[in-house]
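Taken in order, the sequence shown gives residues -16 to -1, 1 to 319; the numbers are from mature numbering (1 follows the signal peptide of the UniProt record, and there is no 0).
In this text, a Cβ means the ideal position worked out from N, Cα and C, and glycines have one as well.
The structure under discussion appears below in the form of structure tokens.
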Amino acid sequence: MAQLCSIIQFVDAALACSFPFALSYGDPDQKWVIRRHLLSLFQDFPTLLPSADIFVHNDGATVYLLNAKGHLLVSKTTPPVPLTIWVHQNYPSAPPIVFLSPTSDNPVLGYHPFVDSSGFTTLPYLETWLYPRSNLSDLAHNLVLLFSHHHPFSFPSASAMRRFTNPCLASKEEAIDRLFGALHCDVVSKRAQLDEDIQGLLRLQDRLQDRAKITTTILEGAEHEKTSLERRLAEVTEEVDKLEDWLKVHGSNFDVSTEVDDDMGAFQATDLESASRLNFMVKDKAIEDVLYALDEALMEEVVSSEQYIRQVRSLAKNQFYYRNRLIKLTETKTS
């Protein structure tokens, strides 16, 4: 009784304060409703006590509000729920604001249907708030009921779940709360599955991007090879044209055979030194053709790297020999 008298004195004094300690309630009728609802709340829930403090809204607006601070006893087997019920500056037209008081050692359970990690509480009773049907005391009773089924700091017992799922014991508000909780659980489950699917798609996207880069590199290499071959073809065509022009002018001075088995037999050397030079040049060009064919075979994975290296070493040794002999013959002729 003494505590209730002290509470009444505090609430009356707070509502009667003027500037600079005036609360953000300007209408006398509004103050009367707030007083009546707060006293009813404190009578039903003696674990709550009145207080006044600054409240900052999400938009940055600062107000000076009354609040009921303390804890709610949900059941004998679960810990009490510490919370603060703020009386909105537009109360009773606007619903109160409820914050729990989680700590690092006692955080809110993940994916709770009514409380986020900061302690901010949303529930159907607040979302369907309508004065004069709604009031602070009924809100506290609704919180006790909800937290007995969905405790914010501990998992519910099996008996509580059975009692909650019994339709014979469910009132209209309790049925709404149960539906809200079930929908929230479904949303959480779907969200978890959706997050997993998104992660899988992101991993697939990364693999496809890697393959796209490899494909782009291969196409760029093929394009470069195509350009090189076209340039080489143009050079060879130009050389052929020059050779044909030269043969048209000097062809009568050479014995060109059109019916020989050996392709190089169409060019007859006039002496032994020229025959040697021609022979070395033919072998050098033949080795060049073989090396080019080996490069193509390696790119198409027809031959292994070991076979490729072994053949290239052998051909390079022979090619060096033939080119060296050509150089010596050229130096001998020059001297």
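- prompt: How many angstroms separate the CA atom of Leu127 from the CA atom of Arg187?
  reply: Distance from the CA of Leu127 to the CA of Arg187, rounded to the nearest whole angstrom, comes to 43 Å.
message: Can you find the residues in the same chain that come closer than 7 Å, C-beta to C-beta, to Val296, ignoring five residues on each side of it along the sequence?
response: So the qualifying residues of the chain are Leu275 and Leu278.
message: Could you compute how far the alpha carbon of Ile(-10) sits from the alpha carbon of Lys53?
response: Looking at the two C-alpha atoms, the distance is approximately 12 Å.
message: Using 8 Å for Cβ pairs, my map puts Leu7 next to Tyr48. What's the rounded Cβ distance?
response: Sure, about 5 Å apart at Cβ, within 8 Å.
field: Distance, Leu129 Cα to Val58 Cα
entry: Between Val58 and Leu129, the C-alpha separation is close to 8 Å.
message: With H, G and I counted as helix, E and B as strand and the rest as coil, what does DSSP make of Val244?
response: Unreliable placement is indicated for Val244, whose pLDDT of 43 sits below 50; the coordinate value is still reported in the next sentence. It is coil, neither helix nor strand.
message: Let's test the definition: count the other Cβ atoms within 10 Å of the Cβ of Asn119 and tell me whether it reaches 16, buried, or not, exposed.
response: So Asn119 ends up on the buried side.
query: What is the DSSP secondary structure of Thr46, reduced to helix, strand or coil?
result: Residue state, collapsed to three classes: strand.
message: Helix, strand or coil for Asp37? Go by DSSP, reduced to three states.
response: In the three-state reduction of the DSSP assignment, Asp37 falls in the strand class.
- prompt: What residues are listed by DSSP as bridge partners for Ala52?
  reply: Ala52 has Pro34 and Ile69 as its beta-bridge partners, per DSSP.
- request: Compute the Euclidean distance between the alpha carbons of Gln14 and Ser2, then round it to the nearest angstrom.
  value: Looking at the two C-alpha atoms, the distance is approximately 16 Å.
- prompt: Taking all protein chains shown into account, do 16 or more other C-beta atoms lie within 10 angstroms of the C-beta of Leu153, making it buried, or fewer, making it exposed?
  reply: Confidence at Leu153 is low in this model, with a pLDDT of 45, below 50, so its placement is unreliable and no value can be given for it.
message: Among Arg19, Ala(-15) and Leu(-13), whose alpha-carbon lies nearest the alpha-carbon of Ala(-1)?
response: Each of Arg19, Ala(-15) and Leu(-13) was checked against the Cα of Ala(-1), and the nearest Cα belongs to Arg19.
message: Residues in the same chain with beta-carbon distance under 7 Å from Pro136, minus the five sequence neighbours each way, listed in chain order, please.
response: Only Val65, Leu84, Val92, Leu93, His96 and Val99 meet the Cβ criterion.
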